[in-house]
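Asker: The listed protein sequences correspond, in order, to chains A and B.
Per the numbering used here, residue 73 is the first one in the first sequence, and the count goes up by one each step.
Per the numbering used here, residue 1299 is the first one in the second sequence, and the count goes up by one each step.
Virtual Cβ for every residue (Gly too), placed ideally from N, Cα, C.
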Amino acid sequence: NAGVTQTPKFQVLKTGQSMTLQCAQDMNHNSMYWYRQDPGMGLRLIYYSASEGTTDKGEVPNGYNVSRLNKREFSLRLESAAPSQTSVYFCASSEVWGTREQYFGPGTRLTVT
Amino acid sequence: AQTVTQSQPEMSVQEAETVTLSCTYDTSESDYYLFWYKQPPSRQMILVIRQEAYKQQNATENRFSVNFQKAAKSFSLKISDSQLGDAAMYFCAYRGRDDKIIFGKGTRLHILP
C-alpha cells in the first residue's frame, strides 16, 4: 500500500517548456487535489477532482491544466512554464465520507529558470 | 469563498511547556470539517487532529487538543508538554460541503531546549 505517489520528485525547466506532474493513489479515494506551496503562502489549491471525469478550479488555476485519467490517477500539466510557477507541488487524495482526512504525496520541487 | 487565517507566522516554546496556535476561518456553511496538519522539514504533511463542526466536544489526540469555538469561527491547537519533535510548520485547514480543502498560511513552531 504506497498511499499517494508523485513523480518526479525534482524537476528543472526552462521558461516556455512543458511538463506533466504525475500523481497516483491506491486507496480507492474519490477526491484528488493539486496544491502548490510557496514560502509564506501555505498550500494553495490549484485544481480539484471530486471523481473520475470531473475537475474543478481552485484558488490558483491559471497556467495549469489537469486530467483525471481514472480513479487512481490525477495529472497536472504546465503547458508553458514560467518562473512564477517555481514551487513545491503536492498531490493529495481523500474520501468524501468517514474521517475525510487528506493523504498527501511527498511533493515535487519544480524550478523554472 | 471560505478563508482560513493563521495570524502567527512563527512561535517559540520551551521544551515541556504548552503552546497554543491560533486559527480563524470564515464560512457561511454550518456543516464542515477542520484539520490541523504538521509539516516537518521532510516536507511530508501529517494529520495532527480533526474536528467535525457538528460535534460540540473538542477533539483531543494525546498531547494535542483543540479549542473549537463555532460561533467565533475559531479553531486553535494546543500542544502540551512540547517536545523537540514537535518543531514544524503547522497548517490549519477547512473542508466544506464542496469538499475543497483550504489551508491557512501556516505557523512555524520552534521548540527551545
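Taking DSSP as the reference, what is the three-state secondary structure of S1374 of chain B?
Answerer: strand
Asker: Could you work out which residues of chain C lie near Q174 of chain A, taking near to mean beta carbons separated by less than 9 Å?
Answerer: The structure shown contains no chain C; its protein chains are A and B.
Asker: Is there contact here, the segment 92 to 107 of chain A with the segment 173 to 184 of chain A, by at least three beta-carbon pairs under 8 Å?
Answerer: yes
Asker: With C-beta atoms as the reference, is F1389 of chain B less than 8 Å away from Y1335 of chain B?
Answerer: yes
Asker: Which one or two residues does DSSP pair with S147 of chain A in a beta bridge?
Answerer: In DSSP, S147 of chain A forms a bridge with A:S139.
Asker: For P133 of chain A, which residues in the same chain have their Cβ closer than 8 Å to its Cβ, ignoring the five residues on either side in sequence?
Answerer: Hits under 8 Å: I118 and Y119.
Asker: Assign V1346 of chain B to buried or exposed, taking buried as 16 or more other Cβ atoms, counted over all protein chains shown, within 10 Å of its Cβ.
Answerer: buried
Asker: For P1338 of chain B, which residues of its own chain have a beta-carbon under 7 Å away from its beta-carbon, when the five flanking residues on both sides are left out?
Answerer: A1386
Asker: For the beta strand (DSSP E) containing G114 of chain A, list its first residue and its last residue.
Answerer: Looking at the DSSP string, the run of the beta strand (DSSP E) that includes G114 of chain A is G114 to S121.
Asker: Going along the chain, which residues of the segment 112 to 133 of chain A sit with their C-beta nearer than 7 Å to a C-beta in chain B?
Answerer: Cβ contacts with chain B come from G112, M113, G114, L115, L117, Y120, A122 and G130.
Asker: Mapping DSSP to helix, strand and coil, what is Q157 of chain A?
Answerer: helix
Asker: From the DSSP output, read off the bridge partner residues of W1334 of chain B.
Answerer: According to DSSP, W1334 of chain B bridges with B:I1347 and B:C1390.
Asker: What residues in the segment 145 to 165 of chain A have a beta carbon less than 8 Å from any beta carbon of chain B?
Answerer: V160, F162 and A164
Asker: Out of A:S166, A:T185, A:Y136 and A:Y161, which has the shortest C-alpha to C-alpha gap to P155 of chain A?
Answerer: A:T185
Asker: With 16 as the cutoff for other CB atoms within 10 Å, does Q1304 of chain B come out buried or exposed?
Answerer: buried
Asker: Can you check whether the CB of S165 of chain A is closer than 8 Å to the CB of Q187 of chain A?
Answerer: Only positions 73 to 185 of chain A appear in the structure, and residue 187 of chain A is not among them; the question remains open.
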